[in-house]
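>
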Amino acid sequence: MNEILTVQNVTKSFQHKLAVHNVSFSITKGQITAILGPNGAGKTTTISMILGLLKPTSGEIRLFNRLPHEKQVREKLGTMLQEVSVMGGLKVREILALIRSYYHEPLPMGELISLTGLTEQDLKTRAEKLSGGQKRRLSFALALAGNPELIIFDEPTVGMDITARKQFWQTVRKLADQGKTIIFSTHYLQEADEAADRILLFKDGAIVADGTPEQIKASINKQSVSFIVDPETSLEKLYQHSKIDRIYRKNNRVYAETASTDRVLEFIFQEKIGARDIQIERGKLEEAFEQLTSEAKEAI
Amino acid sequence: MKAFQMQCKIEMIRVLRNRYFVFWSLFMPIIFYYVFTNLVNSDVPNQAEWQAHYLMSMTVFSVMGSSMMTLGIRMVQERSQGWSTFIRTTPLSDSVYFAAQMIGQSVIHVLSITIIFIAGAIINDVSLSALEWVLSGLWILFGSLPFLAVGTMIGLMKKVETAAGISNVVYMVLAVTGGLWMPLEVMPKVMQNIAQWLPSYHFGNGAWEIVRGEMPDWKNMLILIAYLVLFMLLSKYIRRKQEAV
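Protein chains in written order, with our numbering: chain R, 1179 to 1478; chain L, 8 to 252.
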């Protein structure tokens, strides 16, 4: 049984708003999976359901072949949520000791400290006096306290600086190499690309793409062949070409969007449509992703 | 079990580090006690009895306050800051968490009772029999239960500011109308009649009876239990209603 998590036909609606619509996927051991999507795509709702904090309206979620709220699941699960302030009045060391006491086989304190980069000084500090970066490190430590097999991070790097981010992902990779399964959400394509083995692309509460970062990038990245042509020339044949997804004119140029620029070039020369000043444009990945993001925003 | 002990210990550390608790539940009652039994001239026939009576009033006042406010406000804070949500993702069960909070709070109450009793013995030489000290202490511990239930109700509020404001008002009104600040006998008849139905009066009265050498009335106990049940049901009902949304 390598399936750590299975999500089957899960839908969640709040009153009249559909937050997650018929989502299914499963995750195997040792994988780092990114749940990527713009704000409002249903990432946090999906994560909350996996954590057993929300009940799906329909469908089923199983972790380690059990239901999310079962104690045996919680023993093997670690999480870092968005916007959590650790309770005040306690020193970092005390909080870590407290959370470790909840688990049967917690991670040894020393290991916990070295993994998360908390300093001796941090341990003596009261939680409410920590800086933003220190707080994130503490949250990370709390997620690892129980030595979990599955770790779920909701937007983990928000508020981290570049160094902290780099360190964080290095540690996450190390954990995955130890056989831990990791799921995180992000709205940065670059982060998902660099850190994850697999990306689940969410949009409007549904998964629109699921694959390796390369596959995802290919699916959202658009290439096009553009050229100048005599306005009287008929483009009818181009419209009928199976490899061309879309044709439009901009600044006197004709743009043909395609997954295979080679085939389109071949076609243009074969048909001798008199194209001049031909250019191949590889769309910017981030732009394509942002476009997806902004479309989603308008839809809300 | 390990989690339970740890949770109790942590809850106590947190209360003791809370400046509001130290000020309102230890410092203020002792100051009030000193002021009203020494500086304010009260023409009471039996000075020693009045000093013991008022020591009970102030201890009850202290414990009632920390039951409602320390517990309630802390619960609101934990929820509004997302901490409760995080705890729900850990293996700690709700019942262990709840029990630890109640036990931790009660240990704190034992501490408050001891400190204020010692303060009374030092300030005014209040001398009771060992049995009276223990019984009145136990009574105050028992009488705090309905107020802990009020605390859990206040803990269901959304904002810390609202919770602090409302619990403060409820606290002060209950303390005054229950005769904790001044004896009911000096208040108008109407107030005295109302007090007969208030939990704070019966809370105080049990302890006053003990220091007079009597036993708490059955009525004191029954009314406190009735309030405990009422507040627990209400708290449960509100929680269920909130979860439904």
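Built from N, CA and C at the ideal position, the CB exists for glycine as well.
Starting from the N-terminal side, write out each stretch of the alpha helix (DSSP H) that is 4 residues or longer and does not extend beyond the segment 21-97 of chain L.
The qualifying runs are 35-41, 54-72, 78-87 and 90-95.
> If I'm right that L1255(R) touches L1322(R) with Cβ under 8 Å, what's the distance once you round it to whole angstroms?
Contact doesn't hold; Cβ gap of about 11 Å is too wide.
> For L205(L), which option in L135(L), L191(L) and E216(L) has the closest C-alpha, if you only look at C-alpha atoms?
Of L135(L), L191(L) and E216(L), the residue nearest in Cα terms is L191(L).
> Enumerate in chain order the residues of its own chain whose CB-to-CB distance from K166(L) is below 8 Å, with the five nearest sequence positions on each side excluded.
So the qualifying residues of the chain are V83 and S87.
> Can we count Q84(L) as close to the ligand GDP, meaning its CB is less than 6 Å from some heavy atom?
Within the structure as shown, the ligand GDP is missing, as the structure has no ligands at all.
> With G1256(R) as the anchor, note down where its beta strand (DSSP E) starts and where it stops.
G1256(R) -> beta strand (DSSP E) spans L1255 to M1258.
> Grouping DSSP H, G and I as helix and E and B as strand, with all else coil, what is D1382(R)?
The answer is coil: DSSP assigns D1382(R) none of H, G, I, E or B.
> For V1185(R), decide whether its Cβ has a neighbour in chain L, counting only Cβ atoms nearer than 7 Å.
With 7 Å as the cut-off, V1185(R) does not count as an interface residue toward chain L.
> Hey, out of M1258(R), T1257(R), S1263(R) and V1251(R), whose CA is closest to V85(L)'s CA?
Here the sequence assigns Glu to residue 85(L), which means Val is not the residue at that position. For the residues M1258(R), T1257(R), S1263(R) and V1251(R), the minimum Cα distance to E85(L) belongs to S1263(R).
> Per DSSP, S1279(R) is paired with what?
In the DSSP output, where bridge partners are listed per residue, S1279(R) has none listed.
> Between the alpha carbons of S1481(R) and L1296(R), how many angstroms are there, rounded?
A query on residue 1481(R) cannot be resolved here, the shown segment of chain R reaching from 1179 to 1478 and no further.
> So, are the CB atoms of M35(L) and F154(L) less than 7 Å apart?
Their beta carbons are not under 7 Å apart, which means M35(L) does not touch F154(L) by this criterion.
> Pull up the distance between the alpha-carbon of T1359(R) and that of Q1209(R), whole angstroms please.
Straight-line Cα distance between these residues: approximately 5 Å.
> Let me check understanding here. Comparing Cα to Cα, which of L152(L), R81(L), V114(L) and T184(L) lies closest to A170(L)?
Among L152(L), R81(L), V114(L) and T184(L), the Cα nearest to that of A170(L) belongs to R81(L).
> Determine the chain L residues that contact S1309(R) at a beta-carbon separation under 8 Å, and present them in chain order.
Those do not exist, as S1309(R) stays about 17 Å from chain L at its closest Cβ, beyond 8 Å.
> Sort T1211(R), R1304(R), Q1299(R) and M1227(R) by Cα distance to A1374(R) and report the nearest one.
Of T1211(R), R1304(R), Q1299(R) and M1227(R), the residue nearest in Cα terms is T1211(R).
> On the DSSP letters alone, give me the boundaries of the beta strand (DSSP E) that Q1186(R) sits inside.
E1181 to F1192 is the extent of the beta strand (DSSP E) around Q1186(R).
> Determine whether the Cβ of K165(L) lies closer than 7 Å to any Cβ atom of chain R.
Answer no: the Cβ-Cβ gap between K165(L) and chain R never drops below 7 Å.
> Would you identify the three-state DSSP class for R247(L), choosing helix, strand or coil?
Here R247(L) sits in helix by DSSP.
> What span of residues does the beta strand (DSSP E) with N1217(R) cover, start to end?
Note, N1217(R): premise wrong, no beta strand (DSSP E); not H, not E.
> Please name the residue or residues paired with E1238(R) in a DSSP beta bridge.
According to DSSP, which records beta bridges pairwise, E1238(R) is partnered with Q1186(R).
> Apply the 10 Å Cβ neighbour rule to Y1417(R) and answer buried if 16 or more other Cβ atoms are within range, or exposed otherwise.
Classification of Y1417(R): exposed, given that the 10 Å Cβ count is below 16.
> According to DSSP, what are the bridge partners of Y1433(R)?
Partner(s): S1404(R) and Y1426(R).
> Can you confirm whether M2(L), when its beta carbon is compared against all beta carbons of chain R, has any partner nearer than 7 Å?
This structure gives no information on residue 2(L), because the portion of chain L shown stretches from 8 to 252.
> Does any C-beta atom of chain L lie closer than 7 Å to the C-beta of A1477(R)?
Caution applies to A1477(R), whose pLDDT of 41 falls short of 50 and renders its modelled position unreliable; the value that the coordinates give is listed next. For A1477(R), the answer is no, since every Cβ of chain L falls outside 7 Å of its Cβ.
> What ranges does the beta strand (DSSP E) occupy inside the segment 150-224 of chain L, keeping only unbroken runs of at least 3 residues that lie completely in it?
DSSP runs (the beta strand (DSSP E)) wholly in the segment 150-224 of chain L: none.
> Where does K1207(R) sit, in a helix, a strand or coil, going by DSSP?
Correct three-state label for K1207(R): coil.
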